[in-house]
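Each remark here refers to the structure printed beneath this line.
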Amino acid sequence: MVRSFLMLIFSNSILRSRLAGGCLLLLMAGQSWAVMAAETGFSALDTPAQISAQSAHKTLLSVARAGQRLVAVGEEGIILLSDDNGKHWSQVASPVSAALTEVQFVDPRHGWIVGHYGVVLATTDGGESWQKQLDGIQAARLLLADVQVRSGDERELREAHRLVKDGPDKPFLNLHFSDARNGFVFGAYNLIYRTRDGGQSWQPWLNRVDNPMGLHLYGMAEADGVLMMAGEQGTLLRSTDAGEHFEAIDSPYEGSFFGVIAEPDGAFVVYGLRGHLFRSVDSGESWTQLDTREEVALSAASMLADGRLLVVSQSGSLLVNQHDTGFTPVPDLPALPLAGVVESADGAAIVASLAGVHRFDLPGRIARDSASGSRKE
156 MVRSFLMLIF SNSILRSRLA GGCLLLLMAG QSWAVMAAET GFSALDTPAQ ISAQSAHKTL
216 LSVARAGQRL VAVGEEGIIL LSDDNGKHWS QVASPVSAAL TEVQFVDPRH GWIVGHYGVV
276 LATTDGGESW QKQLDGIQAA RLLLADVQVR SGDERELREA HRLVKDGPDK PFLNLHFSDA
336 RNGFVFGAYN LIYRTRDGGQ SWQPWLNRVD NPMGLHLYGM AEADGVLMMA GEQGTLLRST
396 DAGEHFEAID SPYEGSFFGV IAEPDGAFVV YGLRGHLFRS VDSGESWTQL DTREEVALSA
456 ASMLADGRLL VVSQSGSLLV NQHDTGFTPV PDLPALPLAG VVESADGAAI VASLAGVHRF
516 DLPGRIARDS ASGSRKE
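Numbering (the working numbering), first residue to last: 156 to 532.
If you want it as structure tokens, here you go:
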């Protein structure tokens with residue numbers, strides 16, 4: 156679910172990043188993070204997000220379910236909650252004003268958010284309050300300490316020292332938690348960290364990933380004991396040992412993948428540039444292309460409760476896969492680049508976009524009682 160082609164809108168020289176035309180842009184107006192912080196006195200890592208009545212209409216990049224609740228995140232540290240299936244939203248306090256790129260919950264109470272400057276936020280109360288668990292400064296120091304203890308290799312040491320010197324200028328773009336204790340955060344330039352205690356501590360995982368070119372990592376999914384990662388330039392990485400190591404596998408496409416999702420039957424679906432979407436039923440040994448009829452980047456995907464696949468695109472398309480009979484676009488949508496999507500408890504599509512968060516009905520859906528999950532006739 157990485158929605159990784161969109162540009163974030165910040166004022167002045169504050170960092171913007173997302174993908175445009177498939178390439179990650181990290182634009183600082185010619186200034187490093189350290190110089191900018193020194194000259195302006197502004198640090199997105201230490202400045203809480205401003206509470207605004209217009210927050211639900213700003214650039215939002217990801218949306219997730221926390222039980223019956225919906226949680227959306229986006230630019231300037233915005234975190235929004237909805238308890239009526241996306242009809243109304245309220246902003247909650249965020250400890251940072253960095254752009255937040257992805258959110259995931261493993262149950263109604265435990266969730267995490269990642270974002271720019273290497274930010275990782277966590278909640279244990281369903282999103283009511285958030286605490287910073289990690290940032291790019293801490294992440295760089297962890298990597299340096301790890302290299303010093305683990306290998307002492309001169310090249311690795313140089314790269315680790317450079318990461319510390321650069322400051323927290325590299326974003327986490329996505330995350331994957333299997334449960335309330337075990338998870339990964341990852342993003343630009345092969346940055347990847349693992350936790351086994353719910354984010355209380357983090358371990359650099361770069362040396363466990365077969366990604367020698369340091370390509371960007373955009374998505375991870377899990378099915379039948381296999382972890383699959385997707386990334387830049389057709390990168391596909393697979394782990395069959397519970398995430399201890401990720402090995403590169405043959406890819407069906409040379410363009411960038413912006414996400415990967417696991418279907419209920421254990422199949423993996425990867426999606427990315429120019430409408431490309433592939434499905435594997437054998438843990439990545441082979442892939443079959445599915446025709447989305449899209450020519451632009453696919454930015455996010457989500458599984459519906461009835462087993463159908465929901466995909467959104469840079470052009471503003473919302474596509475529903477009709478159980479292997481092809482993709483049907485949801486009609487009459489505004490032409491807005493879409494960044495994130497999830498199904499609400501009552502069966503609507505909730506999308507994050509450059510112009511806020513929106514709710515759309517889906518073709519062929521059966522409405523459900525949001526309290527019980529039962530179907531309404």
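Heads up, the beta-carbon is just placed ideally off N, CA and C, and yes, glycines get one too.
Anticipated Cβ contact below 8 Å, residue i with residue j, distance rounded
| i | j | result |
| --- | --- | --- |
| Asp334 | Val269 | That belief does not hold up - the Cβ atoms of Asp334 and Val269 are roughly 17 Å apart, past 8 Å. |
| Gly481 | Asp516 | So it is not a contact: roughly 20 Å between Cβ atoms. |
| Glu498 | Leu473 | Glu498 to Leu473, Cβ: 12 Å. No contact. |
| Ala273 | Lys325 | A small correction: the amino acid at residue 273 is Gly; Ala does not occupy that position in the sequence shown. That belief holds up - the Cβ atoms of Gly273 and Lys325 are roughly 6 Å apart, short of 8 Å. |
Alpha-carbon to alpha-carbon, residue j and residue i
| i | j | result |
| --- | --- | --- |
| Leu289 | His513 | 30 Å |
| Ser187 | Ala294 | Bear in mind that the predicted position of Ser187 carries a pLDDT of just 49, short of 50, making it unreliable; the figure below should be weighed with that in mind. Looking at the two C-alpha atoms, the distance is approximately 18 Å. |
| Gly495 | Ser454 | 7 Å |
| Ala500 | Leu235 | 17 Å |
| Met156 | Val415 | Unreliable positioning characterises Met156 in this predicted model, as indicated by a pLDDT of 42, which lies under 50. The coordinate reading is nonetheless provided below. In a straight line, the C-alpha of Met156 is about 7 Å away from that of Val415. |
| Ser249 | Glu230 | 11 Å |
| Ala417 | Ile505 | 19 Å |
| Met383 | Leu392 | 6 Å |
| Ala193 | Asp365 | With a pLDDT of 45 at Ala193, under the threshold of 50, the modelled position of that residue is not reliable, and the figure given next carries that caveat. About 37 Å. |
| Arg296 | Val251 | 20 Å |
| Ser468 | Leu493 | 6 Å |
| Val340 | Phe413 | 15 Å |
| Gln444 | Val425 | 10 Å |
| Ala510 | His316 | 39 Å |
| Gly282 | Ser207 | 18 Å |
| Tyr348 | Ala277 | 15 Å |
| Glu257 | Arg310 | 31 Å |
| Ala184 | Val218 | Here Ala184 scores only 28 on pLDDT, less than 50, and its place in the model is too uncertain to base an answer on. |
| Ala541 | Ser470 | As shown, the chain starts at 156 and ends at 532. That puts residue 541 outside it, with no answer to give. |
| Pro203 | Trp244 | 19 Å |
| Val302 | Ser438 | 32 Å |
| Gly374 | Arg336 | 19 Å |
| Leu113 | Leu299 | Absent from the model: residue 113. The displayed extent of the chain is 156 to 532, so no value can be given. |
| Thr483 | Ser457 | 15 Å |
| Val228 | Leu491 | 17 Å |
| Asp201 | Phe332 | 25 Å |
| Ala376 | Leu318 | 27 Å |
| Leu330 | Arg448 | 29 Å |
Proximal residues to residue i (C-beta, below 6 Å), its chain only, five neighbours per side dropped
| i | result |
| --- | --- |
| Tyr408 | Gly389 and His431 |
| Ile292 | Pro323 |
| Val190 | With a pLDDT of only 47 at Val190, under the threshold of 50, the placement of this residue in the model should not be trusted; the figure read from the coordinates follows. The answer is none, since no qualifying residue turns up. |
| Gly369 | Tyr344 and Asn345 |
| Trp442 | Pro407, Phe433 and Ser435 |
| Glu387 | Leu370, His371 and Ser411 |
Closest residue to residue i among the options (Cα-Cα distance)
| i | options | result |
| --- | --- | --- |
| Tyr344 | Trp360, His331 and Asp352 | Trp360 |
| Ala254 | Arg429, Leu328, Asp420 and Thr350 | Leu328 |
| Ser198 | Pro492, His271, Leu491 and Pro263 | His271 |
| Gln246 | Arg349, Gln205, Leu474 and His331 | Gln205 |
| Arg429 | Glu440, Trp285, Trp442 and Ser411 | Ser411 |
| Leu465 | His371, Leu346, Ser284 and Val485 | Val485 |
| Glu450 | Pro326, Leu459, Arg305 and Gly427 | Gly427 |
| Asp405 | Pro419, Ala385, Glu399 and Asp420 | Ala385 |
| Leu216 | Gln223, Gln259, His243 and Thr202 | Gln259 |
| Gly241 | Arg224, Glu257 and Ala300 | Arg224 |
| Asp352 | Ser438, Gly342 and Gly338 | Gly338 |
| Ile233 | Pro367, Ala507 and Glu440 | Ala507 |
| Gly502 | Trp285, Gly519, Leu330 and Pro489 | Gly519 |
| Val304 | Asn476, Leu318, Arg448 and Gln358 | Gln358 |
| Glu440 | Ala456, Ser457 and Glu402 | Glu402 |
| Trp285 | Ala490, Val226 and Asp301 | Val226 |
| Pro367 | Pro489, Glu314, Ser457 and Met375 | Glu314 |
Cutoff 8 Å; reference residue i; Cβ partners in own chain excluding five residues on either side
| i | result |
| --- | --- |
| Gly380 | Thr395 and Ala397 |
| Ser422 | According to the sequence shown, residue 422 is Ala rather than Ser. Only Ala378, Arg434, Ser435 and Val436 meet the Cβ criterion. |
| Met356 | Correcting the residue identity first, residue 356 is Ser in this sequence and not Met. Once the five neighbours on either side are set aside, the close Cβ partners of Ser356 are Thr350. |
| Gly354 | Trp267, Val275, Ala277, Gln288, Leu289 and Gly338 |
| Leu346 | Gly273, Ala294, Lys325, Phe327, Leu361 and Leu372 |
| Gly307 | none |
Residue i: CB within 8 Å of a non-hydrogen atom of the ligand PLP
| i | result |
| --- | --- |
| Phe515 | Although the ligand PLP was asked about, the structure shown includes no ligands whatsoever. |
Contacts around residue i, its chain only, beta-carbon distance under 7 Å, and the 5 residues preceding and following it disregarded
| i | result |
| --- | --- |
| Thr279 | Arg264 and His265 |
| His400 | Arg363 and Ser394 |
| Ala221 | Phe260, Pro263, Gly266, Gly281 and Gly282 |
| Val475 | Arg463, Leu465, Phe482, Thr483, Val485, Leu517 and Pro518 |
| Leu488 | Gly471, Leu473 and Phe515 |
CB contact below 9 Å: residue i versus chain C
| i | result |
| --- | --- |
| Val319 | Absence of chain C from the displayed structure is noted, only one protein chain being present. |
Below 8 Å, how does it come out for the segment 232-246 and the segment 209-216: are there three or more Cβ pairs, yes or no? yes
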